[in-house]
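Student: Attaching a single structure in structure tokens format; questions to follow.
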Amino acid sequence: MTNEKNYARPIPLTAIVLVALAVHGPLLLMQLPARSFDANFHMFFASHYAHHWFNPWNEKWFAGFSQTTYPPLTHQWIALFSTVIGLKMGYMLVQLIAILLLPVGIFRFARIWVNDRAASYAALGSVFLGALSFLAYQAGQLATIASAALYLNALPYFYEWIAESRKLALLKGVLISLTAAAAHHVTLIFGVVFFAVPVLWTACLDARRRLVSGSLGGVLGRTVAFGIAVGVGVGIVLLPYWLALIQHPIQQMPIPHDSRANYLLNSTIAVNYFVIPYGALILALPFILIRGSSSRRLIPLLCGFWLAFIFGLGGTTPLPQWLLGRAYEVLTFERFAFWATLLALPFVGLLAVQLLDRFQTKAAVGLSLAAVGTIGAALWWLNANPYRPGGSADVEPVIVFLNRDGHDSYRYLTLGFGSELAKVSTYTSAGTVDGDYNSARLLPEMTHYGSAQLTNAKFYGSAGMASLRAMLEHANRYGLKFIFVHDPYYEPLLTFVGWRKIETFDNGEITAWSKEDVPPAHQISSDAVPPAWQGLIWGILPIGVSFLAIFLELLLPHQRRAPVEVGVPFHEQDPQEHYVA
Amino acid sequence: MPRLISICALLCLLGVSPAQDVRAPQNLTAGEEGSVSTTGSGNATFYLFGPGVSDKQDVNLGEDVRLPGSDLQNAGQYFAVLCSGDCRSTSFFVSAARPSSLTFLVHPSRVPVAQNDAVSGVAILFDKFRNLELTAESVDFQLNAGKASLLSRAVPEKDGIAWFRAASGKSAGALQVTASLNDLETLRAVQQVASEPCNLRITGQRNASGILVQTEPVHDCTGNPVPDGTIVTFTATEDGKKSTVDAPIKQDIARAQIAASGPAVISAASGVVMGNELRLGGH
Amino acid sequence: MKIVLPVILVVGTAGLMVLALVSGGNARGTVGIAGGSAMFTPKGTTPEVALHNLLVDVQRRHWDRAYDALSKTSKADKEDFIQDWTGSNGSLRSFSALEGFDPRPLHITDDQAEMRVALHWSTPVGPIEDVRDIHLVREGDIWRAVWPKYKIPAVPAEVIPVTYLRWDLVTGTADDQWGSKNVDAPRVRIISMNAVNTAEGAIVMGEVVNEDTIPAFVNVNSTLVDGSGNAIDDETSFDKIDHVLLPKQVTPYRIDFPNIDLNKVKNVRIDVKAALVPASADPVIGVMDQKLDTDAQGKAVLQGELLNESGQTVNISHVIASFYDNSGKVVWVSDGYVDRALLPQSSEPFAVEIPKNVSDKVHNFHVVVNQYSLARS
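These protein sequence lines are chains A, B and C, in that order. Numbering-wise (the working numbering), the first sequence opens with residue 328 and increments by one. Numbering-wise (the working numbering), the second sequence opens with residue 88 and increments by one. Numbering-wise (the working numbering), the third sequence opens with residue 238 and increments by one.
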């Protein structure tokens, strides 16, 4: 078989999934994401579900907060796996599943616009995305990845339903969409604009050109039906979340985040939020623009990509702020770059087809180097970036200290622990006034200042230190007696406000501080405690929907839809060389 | 206890038949064995209720019911109930055994010298079962500062407690406070410390960096040296500017360096006590 | 469409980027992490722009660029310049990050400019504002700052004998007999208390003395009570007190109740908590040449110099001053941190602000110095 013929075939999806397993499996076995920013946060939430499945009120952070403020699916899956393989490996397993679902989703999503061959290259490219590695290994945004992967798997069903009125597609599309929402609602909400609208637009174009069986009116009508089904479903599945949001809308002071900066004014931020996530995709940007404009059918996808791309630039353009208003100050924008790269992949698939057709082996080598270079740079950046998560100290003695001699009858605070705060919280029975989840904060000492976690107070400058001072001023009110310091920066403040160093751990890396006159902690009354019925549906519906989706996928296999041509000079396709997603 | 009494009263009301009776000894001592005599014939059930104790056993009427010492360790009122169809009851009192420990609380742990009614102590007697000793024993209290005896007094206990109040001694140092009863003795120590400084006097001289000012040895009014670490505040006023140094006393003397080149007035204070004023001319 | 759409998207994106730049984009990186460089920096053709560029470079710790932007007539060498901004010897400045700045011209001619800049520092003890006057000269078409020499305190080599005086605390074990080893908490007393209304809220202040012969950890708490006996708010003296008091030492305290009107307060409850703590009597810091004065901005201040009389470096000093009226009543308590380290036997200036309406009443004052030493922490 000649090279030309070799490259003319789509890559089997199974092979792509195996490549994903081969690339990311070892990294996850090495527990690389364990030191990412959010991994401990996810494990903390999962740990609570593992112990209190039907009680989302968690006393360990913010003197009590409700876990209904964050969609629970990924955490509940980790909790389930943790009973067999432990929390950390449970996290890795769920992350791996999400990563394996992504190329499958990309393949199916890309096939709405491109043929199997280009879609398979797009799917393969998704394994090496810088943005994926950035989110998985540096940011630890498990829920974003899982939700995006699920959503990409739902959208082809959405297309089939609206374009061809397949009822099974409706059922599966709605169920997988609900599962995606149960993993991360924000992805679903923004996904409507960035992903679903291009799909709808394309379906309308296809209907007008009679490339599909449905009429334009039918497409629009079925879209409304799908939207209502998903809307009502998400409303019910995440009902406690919506109720919590209505009761306590996010009104805290905006917290600065570097992804909202103007990347042109700060090269480090530009590298972190643009160069690393896009990697070699930057070279493909001209092609995406030109190719996306060349075909009427690709324009919706191009527009979706462009909008996500602009949003992914954070404060480099004013457009996100104009369109999002107040929400701009709440969101972080690295996830938009991730979505932009996902939307770019069908174009990358087309580019790969053209390059391979023209240059065969040379193109294959070049594309491979670009892919490996992209993921390699993202992995190198994990240790090279100045934002890398700290917390190299051993927090085990802190956990032991809190769990002994009745120390857990007081609250504690960590300073300079970064994401290790969540690790301490997971394994101690004591509660803290801090927490690594901004949206659940209700204590005025935190919401009145533009800073996030107290443990990272110094990184938020004066606002962070003002928030920390406010909390320390009210230490007696919250029974806050112990402070663990992993950054001498905080020691002067503690000294001047009356704390004393009482112990050192890990060869002086961590010091424990205490104040004399603090009374034991008491329960802080809150109107945010969810009633029992909310705990019940929170423990049943999200995980239940995901089980339903899995069973439906396994028990009712789907007839694959033939891809619609986009005017690319594709080679003749052998039907036997197509692979079912 | 009220519930116990109610139960017993109820049982007593029920006991109207003179067929059997139960008689207890007037007084028993905690931890010692005792017995309750019964009258009548046949079998009966015997109940014993007391502080922290309840017991039930089958007995033969007309025989003595043995009460083991382990059932009578807690001092207080006990009830014995005998039931054979009807119930009869009686009560008896178990008093504390002989004192075996003397708990002694002394306040304060530190006291300035020459203060009236500054030291107080409370002694509480317990037997070996931690029963409060209510018999009117006399506890001997002794306060010794060095070889000098400040107080020696026998105080009869009242409701299990004996106490004293006394003035502190005149010299700083440990005050040994002893409470004793027969062969029991408990010792506590109170630290007598100097009281407020008295006659705070300062001297000063110019040197290359300004004025070196220091106190004479700082004592209280009874001649005890004021403890090291006590802060003496030196204040120098020079040309409308004020300089202050909070200096701790070390080995009876507090000293400070004050940067002043012109004529200066220097004073010293420790807490609320003021010292003399020193006037030094300029260089 | 093939041409038009890409052009629209490219031009639109570029336009949006320019718009963001023109409207003053946010270049801010995370505080404490060295930021990258900007892809676009305007030339310092005016004193304002030149000073802005210099301060941005200082903010991002681009010392080479910042030093190169100085006038060649500057007296400071590069090391001095860096140390002027970054501090040394574990001082407060060495923990601080320049968070922002507000420059304003004082006097500008064709070749010379005098600029006053308010520097906003983020520090471990809270935000601190520092006002600095900077002289700029025009060299060609570029304005450059003339940087004065930063005087690093010179400490002569010497041996200073110290008789260490410290108190250690031994706690009894759990199985000790009841009452056998109890040590009483230190005796402390509030010797004065005054409550005043200010624009920011109510303030309760006064002084506390340690009457005991051992060191005491003290904290003053206050609760404001309304007419019906309900607590309105409770706060503590926080860092506006010297928490560790040696025997016979007096400290001012101040408790702030933000946004509370004293007229609605019926009762002020105040309690002082004292506990045994280990402590040291060293180092001794003298407060020299205290004087009520007016600073360059016309604010009433108490200023003076702190003199470290010991042989160890005091990294951060905290000055707390109580001000009395004619009758000896405490009418104000203010505090301030000194951003330079106090080297052994050397001194550093300090100033604490007094509100204008209070400064006229002040008849006397008392200053205490709290300190943080890395060596002892």
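The C-beta atom is built at its ideal place from N, Cα and C for all residues, glycine as well. Please read these numbers as outputs of a predicted model, since none were measured by experiment.
Determine the burial state of Cys-308 (chain B): buried for a count of at least 16 other Cβ atoms within 10 Å of its Cβ, exposed for fewer.
Tutor: With fewer than 16 other Cβ atoms within 10 Å, it is exposed.
Student: For Met-370 (chain A), which of helix, strand or coil comes out of DSSP?
Tutor: helix
Student: Which residue wins for smallest C-alpha separation from Thr-360 (chain C), given the options C:Gly-324, C:Asp-347 and C:Glu-590?
Tutor: C:Gly-324
Student: Taking beta-carbon pairs under 9 Å, can you tell me which members of the stretch 507-521 of chain C lie near chain A?
Tutor: For the stretch 507-521 of chain C, residues whose beta-carbon sits nearer than 9 Å to a beta-carbon of chain A comprise Lys-510, Ala-511, Ala-512, Leu-513, Val-514 and Pro-515.
Student: Given a cut-off of 7 Å on the beta-carbon distance, is the pair Pro-560 (chain A) and Leu-505 (chain A) in contact?
Tutor: The sequence given here places Gly at residue 560 (chain A); Pro does not occur at that position. Result yes, Cβ atoms of Gly-560 (chain A) and Leu-505 (chain A) sit closer than 7 Å.
Student: Looking at chain C, is there any beta carbon in it that lies within less than 7 Å of the beta carbon of Thr-643 (chain A)?
Tutor: yes
Student: Per the DSSP calculation, Tyr-574 (chain C) is bridged to which residue(s)?
Tutor: In the DSSP output, where bridge partners are listed per residue, Tyr-574 (chain C) has C:His-555.
Student: What's the C-alpha gap between Ile-274 (chain A) and Thr-755 (chain A)?
Tutor: No statement about residue 274 (chain A) is possible, as the shown extent of chain A runs from 328 to 908 and does not include it.
Student: Give, in chain order, every residue of the stretch 447-477 of chain C whose Cβ lies closer than 9 Å to some Cβ of chain A.
Tutor: Phe-454, Val-455, Asn-456, Asn-458, Asp-471, Glu-472, Thr-473, Ser-474, Phe-475 and Asp-476
Student: Is any beta-carbon of chain C found at less than 7 Å from that of Leu-101 (chain B)?
Tutor: Its pLDDT being 45, under 50, Leu-101 (chain B) is placed unreliably by the model, and the measurement read from it follows with that caveat. No - not a single Cβ of chain C is within 7 Å of the one on Leu-101 (chain B).
Student: Report yes if the CB atom of Ala-749 (chain A) is closer than 7 Å to the CB atom of Asn-367 (chain A), and no otherwise.
Tutor: yes
Student: At 8 Å on the CB atoms, spell out the chain C contacts of Ile-617 (chain A), in chain order.
Tutor: Lys-239 and Pro-243
Student: Within 7 Å (strictly less), CB to CB, does Gly-443 (chain C) reach chain A?
Tutor: Chain A, which has no Cβ nearer than 7 Å to the Cβ of Gly-443 (chain C), makes this no.
Student: So who's on the other strand from Leu-356 (chain A), going by DSSP bridges?
Tutor: Beta-bridge partners assigned by DSSP to Leu-356 (chain A): none are found.
Student: Going by Cα to Cα distance, which pick from C:Gln-486, C:Lys-477, C:Ile-478 and C:Val-481 is closest to Thr-331 (chain B)?
Tutor: C:Gln-486
Student: Secondary structure at Tyr-737 (chain A), three-state DSSP: helix, strand or coil?
Tutor: coil
Student: Which residues in chain C sit within 7 Å of Phe-823 (chain A), going by Cβ to Cβ distance?
Tutor: Val-362, Asp-476, His-555, Asn-607 and Tyr-609
Student: Please compile the residues from chain A whose C-beta is within a distance smaller than 7 Å of the C-beta of Glu-635 (chain C).
Tutor: Absent from the structure is residue 635 (chain C), since the part of chain C shown begins at 238 and ends at 614.
Student: In whole angstroms, what is the alpha-carbon distance linking Arg-369 (chain C) and Glu-336 (chain C)?
Tutor: 15 Å
Student: By the three-class DSSP mapping on this structure, what secondary structure does Pro-243 (chain C) have?
Tutor: helix
Student: Helix, strand or coil: which one does DSSP assign to Arg-342 (chain B)?
Tutor: strand
Student: Does any residue of chain C have a CB that is nearer than 7 Å to the CB of Ser-282 (chain B)?
Tutor: no
Student: Identify the contact partners of Arg-362 (chain A) in chain C, using a Cβ-Cβ distance below 8 Å as the criterion.
Tutor: Those do not exist, as Arg-362 (chain A) stays about 17 Å from chain C at its closest Cβ, beyond 8 Å.
Student: Note down, in chain order, each residue of its chain lying with its Cβ closer than 7 Å to the Cβ of Pro-847 (chain A), except the 5 sequence neighbours on either side.
Tutor: Ser-736, Tyr-737 and Gly-806
Student: Just to confirm, is the Cβ distance from Leu-515 (chain A) to Ala-523 (chain A) under 7 Å?
Tutor: no
Student: Who are the neighbours of Ala-257 (chain C) on chain A, taking C-beta pairs under 7 Å?
Tutor: Asn-589, Gly-642, Thr-643, Thr-644 and Pro-645
Student: Assuming Pro-214 (chain C) and Thr-320 (chain B) are in contact, meaning their beta carbons sit under 8 Å apart, how far apart are those beta carbons, in whole angstroms?
Tutor: Since the first and last residues shown for chain C are 238 and 614, residue 214 (chain C) lies out of range.
Student: When you compare the CB of Glu-800 (chain A) with every CB in chain C, is at least one pair closer than 7 Å?
Tutor: yes
Student: Where does Met-328 (chain A) fall in DSSP's three states?
Tutor: Only weak support is given to the placement of Met-328 (chain A): the predicted model assigns it a pLDDT of 48, under 50, and the question is left unresolved by the model.
Student: Can you look up Gln-527 (chain C) in the DSSP assignment and give me helix, strand or coil?
Tutor: strand
Student: May I have the straight-line CA-CA distance separating Phe-228 (chain B) from Val-595 (chain C), to the nearest angstrom?
Tutor: 58 Å
Student: Strictly under 7 Å for the Cβ-Cβ distance: is Ser-359 (chain C) near chain A by that measure?
Tutor: yes
Student: Closer than 7 Å between beta carbons: that is the criterion. Which residues of the stretch 319-348 of chain B meet it against chain C?
Tutor: Gly-327, Lys-328, Lys-329, Ser-330, Thr-331, Val-332, Asp-333, Ala-334, Pro-335, Lys-337, Ala-343, Gln-344, Ile-345 and Ala-346
Student: Quick check on the DSSP output: what are the complete alpha helix (DSSP H) runs of length 4 or more inside the stretch 793-880 of chain A, in order along the chain?
Tutor: 802-805 and 818-823
Student: Tell me, to the nearest whole angstrom, how far the beta carbon of Gly-417 (chain A) is from that of Ala-373 (chain A); I am working on the premise that it is less than 8 Å.
Tutor: The Cβ separation is near 7 Å, so the contact holds.
Student: For the alpha helix (DSSP H) that contains Arg-435 (chain A), what are its first and last residues?
Tutor: 414-437
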